[in-house]
Every structure is written in C-alpha cells, then in structure tokens.
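Visitor:
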Amino acid sequence: MHASNEKVNFHKYVIYQIYPKSFCDTKGDGLGDLQGIIEKIPYIASLGVDMVWFNPFFVSPQRDNGYDIADYYAIQPAFGTLEEFDEMVAKLGEHGIGVMLDMVLNHTSTAHEWFQKALAGDEEYRDYYIIRPGLADGSPPTNWDSKFGGSAWEPFGDTGDYYLHLFDVTQADLNWRNPEVRTEMANIVNFWRDRGVHGFRFDVINLIGKEAELKSSAPGEDPRYMYTDGTDVDRYLQELAAASFGKDPLSVTVGEMSSTTIERCVGYSNPDNHELNMVFNFHHLKVDYLNGKKWTNIRFQPRDLKEVLNKWALGMQEGNGWNALFLNNHDQPRAINRFGDPERYHVESATMLAHMIHLLRGTPYIYMGEEIGMTDPLYTSINDYVDIESTNAYITLLEEGLNADEAFAIVHSKSRDNARTPMQWDDSKHAGFTNGVPWLAPTNQDRINVVAEEASGRILPYYRKLIQLRKQYAVIADGSYEPFQLEHEKVYAFFRKLEDEELLVIVNLSGEHTVFEIPERFVSGNILIENHSTDLTGNMLQLNPYHAIAILTKEQPQS
Numbered sequence: 001m002h003a004s005n006e007k008v009n010f011h012k013y014v015i016y017q018i019y020p021k022s023f024c025d026t027k028g029d030g031l032g033d034l035q036g037i038i039e040k041i042p043y044i045a046s047l048g049v050d051m052v053w054f055n056p057f058f059v060s061p062q063r064d065n066g067y068d069i070a071d072y073y074a075i076q077p078a079f080g081t082l083e084e085f086d087e088m089v090a091k092l093g094e095h096g097i098g099v100m101l102d103m104v105l106n107h108t109s110t111a112h113e114w115f116q117k118a119l120a121g122d123e124e125y126r127d128y129y130i131i132r133p134g135l136a137d138g139s140p141p142t143n144w145d146s147k148f149g150g151s152a153w154e155p156f157g158d159t160g161d162y163y164l165h166l167f168d169v170t171q172a173d174l175n176w177r178n179p180e181v182r183t184e185m186a187n188i189v190n191f192w193r194d195r196g197v198h199g200f201r202f203d204v205i206n207l208i209g210k211e212a213e214l215k216s217s218a219p220g221e222d223p224r225y226m227y228t229d230g231t232d233v234d235r236y237l238q239e240l241a242a243a244s245f246g247k248d249p250l251s252v253t254v255g256e257m258s259s260t261t262i263e264r265c266v267g268y269s270n271p272d273n274h275e276l277n278m279v280f281n282f283h284h285l286k287v288d289y290l291n292g293k294k295w296t297n298i299r300f301q302p303r304d305l306k307e308v309l310n311k312w313a314l315g316m317q318e319g320n321g322w323n324a325l326f327l328n329n330h331d332q333p334r335a336i337n338r339f340g341d342p343e344r345y346h347v348e349s350a351t352m353l354a355h356m357i358h359l360l361r362g363t364p365y366i367y368m369g370e371e372i373g374m375t376d377p378l379y380t381s382i383n384d385y386v387d388i389e390s391t392n393a394y395i396t397l398l399e400e401g402l403n404a405d406e407a408f409a410i411v412h413s414k415s416r417d418n419a420r421t422p423m424q425w426d427d428s429k430h431a432g433f434t435n436g437v438p439w440l441a442p443t444n445q446d447r448i449n450v451v452a453e454e455a456s457g458r459i460l461p462y463y464r465k466l467i468q469l470r471k472q473y474a475v476i477a478d479g480s481y482e483p484f485q486l487e488h489e490k491v492y493a494f495f496r497k498l499e500d501e502e503l504l505v506i507v508n509l510s511g512e513h514t515v516f517e518i519p520e521r522f523v524s525g526n527i528l529i530e531n532h533s534t535d536l537t538g539n540m541l542q543l544n545p546y547h548a549i550a551i552l553t554k555e556q557p558q559s
C-alpha cells in the first residue's frame, strides 16, 4: 500500500468494475453478493489492478438497479451486511487493492426518508428536492424530458406542485442549491471514507448544478442543455472535495458526465481546480447510433471512432484534464460486438480493443468479463431481457412500425442487459455464477469462461500484460499523446512520448488486411506487446484483421 502522506499516482492505475448482482452468488438465490466478491479476490488480485469500482449495493427499491438509493448508509440485505463490506475492504487491502464506491448524489429514491418527510409536509425536507408549481394551465413547470421517457416532472403528492426526476419517476432530483443537502452529501462520502474507502465514482454528477429559475428550452432546442453542466457544478465539486475526499492523499475520484463537453471536462479534472481526478464521457460510444439515436442498429465506421477518441485525447491533454478510458460498462452492450468480430476474430478483436484503450492517455477501466472476451448474450426472445429500458424500447419500436424481428434485432444490439449477464467462471450450466437460478441467463460459457482462459486462453494474459506495462513504462502512464496518420481508413495510430522515450501504438479497427507505413525510427524497434506476430524489418507493416502492436524506440523502461 502507499505511504499515507504521498499522493497517489492514478495515472498508473487500472480500475476493475464489478456489477455485484452478476459477479458471484454464494447464497444460491441467483443474485451476486459481497461474499461472492470476497471469494473471488485472489482472481481480482491476479489481474494486477489497483482498485475495484462497485456499482451501488446500498439499500434500494431496485427500480433502477440500485441507482435509486433509499439509504446511503446501509447495504441492501440481498448483497450482504456492513460487516461483510468491512471484510471485503480489508481483504482487498491485503492485496494493495482499493475500493471505489458509486455515489449517486444527483437524486434519491422517493422511498428515501428525506422524500417521505417532504411528502408529509416537512418544509425543511421539501427544500432537499426540486419542487415547483405547475404552469397556469396546470401543466409541468418546464418541457424537460425524463431520460427514461415522458415528462421529467411528476405531481408532488396532492399539493398541486411537481417534483423533478431526470431519470425514473421514483428518482427525485436533489436540490444542491440547499447548503444542508451539500453537507449531507459530504457526510455520506465521509461515512464510507471512515470505513477505508479511497475511491469514489460520482454518478451523472454534472447534473447537480441546476439554476434557481428553471426554464423550458426554446422550440427546436435540446432541453438537456437547460440543466447539464450548470455554472455551479465546479463550485459544488470544490466544496465537496474540501469537505471530504480532498482531505485524503490516497483519494481517487471519477465523475460520470452526461451530454458534456471537452471544455467542461477539462475544468472538472484539471488538478489546479481541486475537483475530480478524471471524467467519463460517452461520445465515443455513440458512433453506432443512427442520427444520434440509441435504439438503432448500424455498424460503426473506424474513422468515426478514431475521430472522437482523438478529439478528446487532444482536448483533455491541452487543458491538463484527465480521461477515464473505457469501452465497456454496466450500461453498454459489450464492445467486442460493437467494434470487433466475436464470431470470426474473437481473440483478435478483444485484445485489439484492450490494446487501444490501455495505451491511450488516461486511466483505463476494465468491466468484469471483458478480460476474458465475454460477448453479448445469444438471446432469441425479448422475454430473455429483464432491463426495463430494453423492454420499453421494444414496445416503442413496435409502435413506430417495425416488425418483431426488426425491433428485437435493435434491442439485441443495444440492451444494457448485454453487459449484465453473469460473470462466466466456468463452463457449467450457470457458468459457475450460482447454484440457483441466475437472475439473468449466461449463454456461451461453454467456450468463454475464466477456467478456459487461465488454461490456454490468449485474452486474459494480454490484459495482464497491458496492466503490467502501465506500471513498468512511465511513457504509458504519463506520456503525451499525438495522433499519427489519422486519415487512414482502417488504422488508428498514435504516439506516446515522455522525455527521450517514444511509443508508437497501432490498431487495425477493421476485419480486413491492410498496410500501414511507420516512421523509420521504429523499424527494428522494441515490440512491447502485439496480438499477432509482426514483421518489423521494413517500414511497411502488413496488418492482419484487428491487429494490434506497440513499438518502443528505446529498450530500457523508466521507473
């Protein structure tokens, strides 16, 4: 572990994300639990990761899989107890692995005690939420839409007023303009800090800065801009940091940013501003959205993915911001299905995508199962899906005139459940996840599982090597970023530079053979890692489908 007075170098970190509900079940109820995570700590440690981010396991009605919190200070009984949480923190700590908790501070569940007191007429708690009178005709205060469909406003009991919910109707937005709310938020963070937690991921945190006067958007204008990246977000984050995690030199923080900009993300993550260490943005994961719409089914173009990744890499670097790097998480379909070819080039696709993310400028995140090449499930019916967003989308697509096969194909390509299927530990009926009936079924564990990867796989060792290289080579953790031959139709290439050390990273984003010309100084260079043997005798590289290679100009690693 790090010395307590030394600031953590999160540039060297690799963070592993666990969706607790789907990781490992020890009770046989089909739901993952804390004991299951404890059981698998040796595996987590074997990866070489520095921290584990856990999706929420706080007390919740589970209307939005735990992102609707009813008690920030207690563990949902299905997952375990506070004592088991403490055991997990201690046992991860024995391996030098920190814990990152998911802080959902933009909204609470309407089942939360604060909201219930507000409903009962308590004026103090009413001011914890964003409650406004309707318009003269009785309609909602603004034209804002919920991200889950319908109006973002719901009648507040029988008062004639409305409360704001940017997400589900049971997720009431908190009023951060109230200093008491801000104090409560710091108290929550400090409670978990006192239990040994050093990492915090803040859910949709750029939505907390809503103005005192809430306005409808103009006709044709996107309502999201009326409440996203508000002017007070920076001030609120600075205040939260000063009152909680900012006191901890081992603190590692990341903010999930909704519909954001490079400029604002630079501000949130520039160390001079004393806000967050890094930010998640989702622009690169919309390159397979037709006209910006999620529920469509088109194949991405390599040039589009490269353009977005490059733009953010350059923009964040220029402003001294820091990116959280990822292709997979609990809300996204598996990246290998979107940007690779799991049928014909399973190993190559999985390793190429890892190679690209881990060697960019930023801190990489691995979503559980990604490191063994898990794919979207091979579901055949809408009834196989549990996610409310997916089933709602299916109904909407049918209403829009698509036939059942067309609607299913779209949901099959974009559902959040694609990432939420159980971790595939072995090739048994329920993938070694549970002895009971899993809440969501695994499908291809007969060929994709941890046991098989440990025995003779090529994806898991590739991830372990990428993680090790970040610790070994300062150019990967701290080097600058510069694109190379961005105009190439199929290849994404870039330089990482630090002092006299230079790394050339090349990935073929296509399932086709292609040729790529490299600078003379890399010919006969030191190949740090590759997923296919490469002839480096000349400067014209023959690249295979989904080929990935990283070449160093200088052989000695720097510590």
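Residue numbers (the UniProt record's numbering): 1 to 559. Heads up, the beta-carbon is just placed ideally off N, CA and C, and yes, glycines get one too.
1) Taking the C-alpha atoms as reference points, what is the distance between R203 and L536?
2) Going by DSSP, which residues form a beta bridge with Q171?
3) Rounded to whole angstroms, what's the CA-CA distance from H547 to R447? Just pull it up for me.
4) Straight-line CA distance for T81 to M88?
5) What are the boundary residues of the beta strand (DSSP E) that includes L466?
6) Alpha carbon to alpha carbon, what distance is there between I41 and G28?
7) Please classify A3 as buried or exposed, where buried requires at least 16 other C-beta atoms within 10 Å of its C-beta.
8) Compare the beta carbon distance of N297 and S413 with 7 Å and say whether it is the shorter of the two.
9) According to DSSP, simplified to helix, strand and coil, what is Q238?
10) Name the two residues that bound the continuous beta strand (DSSP E) containing T261.
11) Beta-carbon within less than 8 Å of Y481's beta-carbon, same chain only, minus the 5 sequence neighbours each way: which residues are those?
12) Taking the Cβ atom as the reference point for each residue, do M103 and F200 lie within a distance shorter than 7 Å?
13) Could you give the distance in angstroms between the alpha-carbon of I262 and the alpha-carbon of K286?
14) Contact check, P333 vs S415 under 8 Å by CB: the rounded distance?
15) W144 by DSSP, collapsed to three states: which one?
16) According to DSSP, simplified to helix, strand and coil, what is N383?
17) By the 10 Å Cβ neighbour count, where 16 or more other Cβ atoms means buried, how is I395 classified, buried or exposed?
18) In angstroms with no decimal places, state the Cα-to-Cα distance between I75 and V189.
19) Cβ atoms of T142 and L214: under 7 Å apart, would you say?
20) Rounded to the nearest angstrom, what separates V515 and Q542 at their Cα positions?
21) Nearest to W176 by alpha carbon, out of Q116, S428 and I131?
22) When we look at the beta-carbon of G293 and count the other beta-carbons within 10 Å, is it buried (16 or more) or exposed?
23) Would you report the Cα separation of E39 and K21, rounded to the nearest angstrom?
24) Taking just the CA atoms, how far does S251 sit from H274?
25) May I ask which residues mark the beginning and end of the beta strand (DSSP E) holding G199?
26) Would V491 be called buried (16 or more neighbouring beta carbons within 10 Å of its own) or exposed?
27) Please report the straight-line C-alpha distance between V279 and G36, rounded to a whole angstrom.
28) Short of 6 Å in beta carbon distance, which residues of its chain neighbour R193, apart from the five on each side in sequence? Order them along the chain.
29) Looking only at C-alpha atoms, which of E517, E520, A550 and R521 sits nearest to S533?
30) Where does I551 sit, in a helix, a strand or coil, going by DSSP?
31) I need the straight-line Cα distance from S559 to L240, nearest angstrom please.
32) Give the secondary structure of Y367 by DSSP, where H, G and I count as helix, E and B as strand, and everything else as coil.
33) Which partner residues of T253 appear in the DSSP bridge assignment?
34) Identify which residue in E348, F23 and I69 has its Cα closest to the Cα of G373.
35) Could you name the residues of the same chain whose beta carbon sits closer than 7 Å to that of P557, not counting the 5 residues immediately before and after it, in chain order?
36) In terms of alpha-carbon separation, which member of S216, T253, N329 and Y463 lies closest to A45?
Guide: According to the structure shown:
1) Sequence check: residue 203 is Asp here, not Arg. Cα to Cα, the separation comes out at about 45 Å.
2) Residue pairing of Q171 in beta bridges, as defined by DSSP: S109.
3) So the two alpha carbons sit approximately 22 Å from each other.
4) For T81 and M88, the distance between alpha carbons rounds to 11 Å.
5) In the DSSP annotation of this structure, L466 is not part of any beta strand (DSSP E); the continuous alpha helix (DSSP H) holding it starts and ends at I459 to Q472.
6) G28 and I41 have their C-alpha atoms some 19 Å from each other.
7) Low confidence applies here, because A3 scores a pLDDT of 39, under 50, leaving its location unreliable and the question unanswered by this model.
8) Yes, the pair counts as a contact, with Cβ atoms nearer than the cut-off.
9) It is helical.
10) Segment: none, T261 is in no beta strand (DSSP E) and carries neither H nor E.
11) Beyond the five residues adjoining it in sequence on each side, Y481 comes within less than 8 Å, by CB distance, of A313, L314, Q317, L360, R361, F494, F495 and R496 in the same chain, given in chain order.
12) Yes, Cβ-Cβ distance for M103 and F200 is below 7 Å.
13) C-alpha of I262 to C-alpha of K286: approximately 16 Å in a straight line.
14) The pair is a contact, with the Cβ atoms about 7 Å apart (cut-off 8 Å).
15) Correct three-state label for W144: coil.
16) In this structure, N383 counts as helix in the three-state DSSP scheme.
17) With fewer than 16 other Cβ atoms within 10 Å, it is exposed.
18) Put simply, the backbone Cα of I75 is about 15 Å away from that of V189.
19) It is a contact, given that the beta carbons lie within the stated cut-off.
20) Spanning the two alpha carbons is a distance of roughly 5 Å.
21) When the alpha-carbon of W176 is set against those of Q116, S428 and I131, the nearest one is in I131.
22) It should be noted that the sequence gives Lys, not Gly, for residue 293. Per the 10 Å Cβ criterion, exposed.
23) Counting only the Cα atoms, K21 lies some 15 Å from E39.
24) About 12 Å.
25) First-last of the beta strand (DSSP E) with G199: G199 to F202.
26) Around the beta carbon of V491, a 10 Å sphere encloses 16 or more other beta carbons of the protein chains shown; the residue is thus reported as buried.
27) So the two alpha carbons sit approximately 29 Å from each other.
28) Residues of the same chain with their beta carbon placed closer than 6 Å to that of R193 are lacking, with the five preceding and five following residues left out of the count.
29) The candidate whose alpha carbon is nearest that of S533 is A550.
30) The answer is strand: DSSP assigns I551 an E or B state.
31) Its pLDDT being 49, under 50, S559 is placed unreliably in this model, and the value from its coordinates should be taken loosely. For S559 and L240, the distance between alpha carbons rounds to 34 Å.
32) Strand at Y367.
33) Answer is F200, bridged to T253.
34) Checking every option, the nearest Cα to that of G373 belongs to E348.
35) No answer about P557 holds up, because its pLDDT of 45 lies below 50 and its placement is not dependable.
36) Nearest option by C-alpha distance: Y463.
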